[in-house]
Amino acid sequence: MRVRYKHPSCEAFGIWFAGVLIYLEFRMRSMMETRENNGGYFGCIRVLAMAAVCFLFFFGASIEAADTDTDAAHSVVVFYSFRHVMPVNVDWDRGIRRGLALSGLENIKIEVEYLDLDRYSDHDFRERLVDLLEHKYANRRIDVVIPVYTQAIEFVLAQRAQLFPNVPLVCCTAKPDLAEQIRGVPEATGTEFDVDYWKTVQDARWLFPKARTLYLIGGVGETDRHYRRMAHRALDGPLASRGMEIVDVEGLPIAELKQLMLQAEPGSVALMLTCDEDRDGNHPFTVDVSKQLCADSPIPVFGTYDTLIGTGVVGGHVWSIERHGELAGQLASRIIAGEDVAEIPIIGRHETQSVFDARQLIRWKIDTDALPPGSKIRFAEASIWDLYRSQIVLGIGLLSLQTLIIAGLIVNRSRRIKAERSLFASRGEARDLAGRLLSAQEDERRRLARELHDDLSQRLAASAIGIGQLELGDLGNADSRARLKQMKEDLIGLSDDVHQMSYQIHPSILEDLGLEDAIRSACDRLARRDKIDVEFRCGMLPDPFSDAINLCLYRVAQESLWNAARHAETQRIDVVLTADPETVNLEIRDFGVGFDSDAALKNGGLGLASLHERARIVGGDLSIESRRGNGTTISLRIPLLDEDR
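In UniProt numbering, the protein residues as written are 1 to 645.
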């Protein structure tokens, strides 16, 4: 890095001059005083003043780094033809900066100059401008110079040897004839544009085929006249051959221009050129003129460059100012990266397309399907789909997923319902079969009991009586009498057993004496037979129950007593029968060893299963509570319906 001294600034020079004045003042006062009285005092003042002057002078100088920094820094100078407030400059600048940024290069410094040579075109101004620029960029390294548009390109080409010798040029947005000149300049390239007036008019005639008059709207400035000449050169012949008239509207102030357009013939169209200056010497912006004119214009207005799209023009075959700036920025970045300028051609002449304003299409009732092929639409009102496309797609996806899940659940539920119905039907059939089996079993028991009681028991009794008569007869042999006596006793015992079996198979006492006495009788028989203390308690019972309920209660009590006597190893059994208007309850409790009721049910014991099935047949609920060592409690609860009373 090279270090140099910088000349004192104006502020430093002012401080130095003030110090000199102070010194002179003190010097004059010293001449008026006697040296004998004040020589020492004023001598000190003089020394201090001289020191202050020297300090202030040298303090004004500073050390700075040379403008030519390391190779890591790059400098680009951009010259715009128009004053800095022009909207087109904004588009060019945005494009140039984007083009430079796309290269990925870092630490690029952009210097911008606005020439405005249309308004300041005198020779003296140009000379002073050149001197200023030469002084400004002297001893500075410039990597690329980008002159934008005609005036800036011509100025830089003319002053290049003095201002930027041997600096590569990227001429942005050059007219075709100027582009040819640039091709012959060493170390120069750029972008070229060509305004296609005829294609714009073709687009207008495509959308408004009945149009017979074309208004050419523009200013009176040098640039305005240039574009007007180009338009006439492109349109006079083709439109004349098609019977379309051209009306020049040149340099009218905006108020007069709007009034003229209000008087335009129906079926006419207008073409907006450039309006940099009107005949009153005003310098409006073309975009502002377009906005004010198109707002109330009774005829459609078209344009030839994209900056006008959005100001009220319908559209046109336009070239993009911002796109040309981007291309120029890309070319500059290629040069900075080390590419040879001679190998980089001029580009961009065909960067045009038909562009239309969606809002104006609605205003003029033009369907988008009626546009020329390949057209681009701007400012289209975003639809719900455009605004929330990702959310809609996500929502539809989630809804579809939910629909599939719901459908799967419905299918699964229908299958489950079908299976449950099938299972329920199977269970119903099984329960119906079990009920019929129990009924058949009771019927068979009743038949067997009747056969045993009415036939076999009677025959055994008759045999016992016959043997008793033989025993009373005259039998000489004592041994024979003893044997007959034994046979009689055996027959009497057998008859009693058959009678007891008949009673157990079908207790006639249930029909003869009722439920309470039948259960009490069963308890008494068990107590006598097995020597177990059986306590039976019965509450007030309502009207007699149905035969099915009576049989169920009796069989549950009978089966529970038998099970307790056989397995419980108990010395006490409590039997409680109670009822209320709604239910009848039976509880059998023993105090024996108990058992695991859950395991017994899982093992499929026939006795417990038959108890549950008997309770189910009459709509009752049977529960068994038992734990090993804690005895067993069997509870039966049967709801009483009207038909059960």
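C-beta atoms are modelled at their ideal positions from N, C-alpha and C, and glycine is treated no differently.
Exercise. Grouping DSSP H, G and I as helix and E and B as strand, with all else coil, what is Asp340?
Worked result: Mapped onto the sequence shown, residue 340 falls at position 340. Annotated three-state conformation of Asp340 is coil, per DSSP.
For this session: Name the one or two DSSP bridge partners that Glu154 has.
Result: The count along the sequence shown starts at 1 and reaches residue 154 at position 154. DSSP lists no beta-bridge partner residue for Glu154.
Problem set entry | Leu484 versus Arg529 - alpha carbon distance | The residue you call residue 484 lines up with position 484 of the sequence shown. The residue you call residue 529 lines up with position 529 of the sequence shown. Taking the straight line from one Cα to the other gives about 28 Å.
Exercise. What beta strand (DSSP E) runs, 3 residues minimum, are completely inside the stretch 345 to 407?
Worked result: When DSSP assignments are scanned along the stretch 345 to 407, the uninterrupted stretches of beta strand (DSSP E) that are 3 or more residues long and fall wholly within it turn out to be 352 to 357, 376 to 378.
Problem set entry | Span of the alpha helix (DSSP H) around Tyr197 | Locating residue 197 in the sequence shown gives position 197, counting from the first residue. Taken as a continuous stretch (DSSP letters only), the alpha helix (DSSP H) holding Tyr197 covers 197 to 207.
For this session: Quick one: measure Cβ to Cβ for Asp357 and Ile309, integer angstroms, because I've assumed they're closer than 8 Å.
Result: Indexing the sequence shown from 1 puts residue 357 at position 357. Indexing the sequence shown from 1 puts residue 309 at position 309. The Cβ separation is near 6 Å, so the contact holds.
Exercise. Who are Ile309's beta bridge partners in DSSP?
Worked result: For this step, residue 309 is matched to residue 309 along the sequence shown. The partner list for Ile309 (beta bridge, DSSP) is empty, contrary to what the question assumes.
Problem set entry | Whole-angstrom distance between Ile406 and Pro544, CA atom to CA atom | On the sequence shown, position 544 is the one that residue 544 refers to. On the sequence shown, position 406 is the one that residue 406 refers to. So the alpha carbons of these two residues sit roughly 55 Å apart.
Exercise. When burial is assigned at 16 or more other CB atoms within 10 Å of the CB, is Leu262 buried or exposed?
Worked result: The residue labelled residue 262 in the question sits at position 262 within the sequence shown. If you draw a 10 Å sphere on the C-beta of Leu262, you find fewer than 16 other C-beta atoms in it, and that means exposed.
Exercise. With a CB to CB cut of under 7 Å and the five nearest residues on each side skipped, what residues in its chain are close to Ile299?
Worked result: Your numbering for residue 299 matches position 299 in the sequence shown. So the list reads Met261, Ala264, Ser268, Val269, Ala270, once near-sequence residues are dropped.
Exercise. Quick one: what's His123 bridged to in DSSP?
Worked result: Here residue 123 is taken as the residue at index 123 of the sequence shown, counted from 1. Answer is none; His123 lacks a bridge partner.
Problem set entry | Continuous alpha helix (DSSP H) assignments of at least 4 residues falling wholly in the stretch 131 to 187 | The stretch 131 to 187 contains these whole alpha helix (DSSP H) runs: 149 to 163, 176 to 183.
Exercise. Does the stretch 578 to 591 come close enough to the stretch 628 to 636 to have 3 or more Cβ pairs within less than 8 Å?
Worked result: Touching, yes, given that three or more Cβ pairs across the two stretches are closer than 8 Å.
Exercise. Leaving out five residues before and five after Pro639 in sequence, what residues of the same chain have Cβ atoms less than 8 Å from its Cβ?
Worked result: Looking up residue 639 in the sequence shown gives position 639. Excluding positions up to five away in sequence, the list reads Glu582, Thr583, Gly619, Gly620.
Exercise. Would you say Gln402 and Lys376 are within 8 Å of each other, going by their C-beta atoms?
Worked result: Translated into positions along the sequence shown, residue 402 becomes position 402. Translated into positions along the sequence shown, residue 376 becomes position 376. Using a Cβ distance threshold of 8 Å, Gln402 and Lys376 do not count as a contacting pair.
For this session: Look up Arg572 in the DSSP assignment and say whether it is helix, strand or coil.
Result: As a position in the sequence shown, residue 572 is number 572, starting the count at 1. Here Arg572 sits in strand by DSSP.
For this session: Go through its chain and collect everything with a Cβ distance to His135's Cβ below 7 Å, but skip five positions before and after it.
Result: Within the sequence shown, the letter at position 135 stands for residue 135. Closer than 7 Å at the Cβ level, and outside the excluded window around His135, lies no residue.
Exercise. Beta strand (DSSP E) containing Lys109: first to last residue?
Worked result: Here residue 109 refers to the residue found at position 109 of the sequence shown. Counting along the chain, the unbroken beta strand (DSSP E) around Lys109 starts and ends at 108 to 114.
Problem set entry | Proximal residues to Glu559 (C-beta, below 8 Å), its chain only, five neighbours per side dropped | Position 559 of the sequence shown holds residue 559. So the list reads Gly607, Ser610, Leu611, once near-sequence residues are dropped.
Exercise. Does the separation of the CB atoms of Tyr114 and Arg140 fall below 8 Å?
Worked result: Stepping through the sequence shown from its first residue, residue 114 is reached at position 114. Stepping through the sequence shown from its first residue, residue 140 is reached at position 140. With respect to the 8 Å criterion, Tyr114 and Arg140 are not classified as neighbours on the basis of their beta carbons.
Exercise. Are the beta-carbon atoms of Val249 and Leu257 separated by less than 8 Å?
Worked result: Position 249 of the sequence shown, counted from the start, is the residue given in the question as residue 249. Position 257 of the sequence shown, counted from the start, is the residue given in the question as residue 257. For Val249 and Leu257, yes; Cβs fall inside 8 Å.
For this session: Excluding the 5 residues preceding and the 5 following Phe208 in the sequence, name in chain order all residues of the same chain whose CB lies nearer than 7 Å to its CB.
Result: What you label residue 208 is simply residue 208 of the sequence shown in a count that begins at 1. For Phe208, where only same-chain residues beyond five positions count, the Cβ hits under 7 Å are Val269, Pro300.
For this session: Might you give, ordered along the chain, the residues of its own chain that have their beta carbon closer than 6 Å to the beta carbon of Glu111, omitting 5 neighbours on each side?
Result: On the sequence shown, position 111 is the one that residue 111 refers to. Apart from sequence neighbours up to five positions away, the residues of its chain that approach Glu111 with a beta-carbon distance below 6 Å are Val77, ordered along the chain.
Exercise. With DSSP run on the structure shown, which of helix, strand or coil describes Gly315?
Worked result: One-based indexing of the sequence shown puts residue 315 at position 315. In this structure, Gly315 counts as strand in the three-state DSSP scheme.
For this session: Provide the residue(s) that pair with His74 in DSSP beta bridges, ordered along the chain.
Result: Here residue 74 is taken as the residue at index 74 of the sequence shown, counted from 1. DSSP output for His74 lists Ile108 as bridge partner(s).
Exercise. Closer than 8 Å, CB to CB, is Glu429 near chain D or not?
Worked result: In the displayed structure, chain D is absent; only one protein chain is listed.
For this session: Count the CB pairs spanning the stretch 197 to 204 and the stretch 319 to 335 that are closer than 8 Å, and state whether there are at least three.
Result: At 8 Å Cβ cutoff, the stretches do not touch.
Exercise. Is any heavy atom of the ligand MN found at a distance shorter than 7 Å from the C-beta of Met261?
Worked result: Judged by which ligands are present, the structure shown has none, so any question about the ligand MN falls away.
Exercise. To which residues does DSSP link Arg589 through a beta bridge?
Worked result: Here residue 589 corresponds to residue number 589 of the sequence shown, with the count starting at 1. Its beta-bridge partners are Asp574, Thr633.
For this session: Using a threshold of 8 Å, state whether the C-beta atoms of Leu178 and Ile153 are closer than that.
Result: Translated into the one-based positions of the sequence shown, residue 178 becomes position 178. Translated into the one-based positions of the sequence shown, residue 153 becomes position 153. Closer than 8 Å, so yes.
Exercise. Any idea if Val156 is buried or exposed, counting beta-carbon neighbours within 10 angstroms, 16 or more meaning buried?
Worked result: Walking along the sequence shown from the start, residue 156 turns up at place 156. So Val156 counts as buried.
Exercise. Are His317 and Asp203 closer than 8 Å when you measure CB to CB?
Worked result: On the sequence shown, residue 317 is found 317 positions in, with the first residue counted as 1. On the sequence shown, residue 203 is found 203 positions in, with the first residue counted as 1. Taking 8 Å as the Cβ cut-off, His317 and Asp203 qualify as a contacting pair.
For this session: Give a yes or no on contact between the stretch 182 to 189 and the stretch 163 to 172, applying the rule of three or more CB pairs nearer than 8 Å.
Result: By the Cβ criterion, the stretch 182 to 189 is in contact with the stretch 163 to 172, since at least three pairs of Cβ atoms, one from each stretch, lie closer than 8 Å.
For this session: Please classify Gln259: is it buried, with 16 or more other beta-carbons within 10 angstroms of its beta-carbon, or exposed?
Result: Here residue 259 corresponds to residue number 259 of the sequence shown, with the count starting at 1. Only exposed fits Gln259, as fewer than 16 other CB atoms lie within 10 angstroms of its CB.
Exercise. Hey, quick one: how far does the alpha helix (DSSP H) through Asp621 stretch, first residue to last?
Worked result: Stepping through the sequence shown from its first residue, residue 621 is reached at position 621. Counting along the chain, no alpha helix (DSSP H) covers Asp621; the unbroken beta strand (DSSP E) around it starts and ends at 621 to 626.
Exercise. Run through DSSP, which three-state label would Ser268 get?
Worked result: The residue you call residue 268 lines up with position 268 of the sequence shown. In this structure, Ser268 counts as strand in the three-state DSSP scheme.
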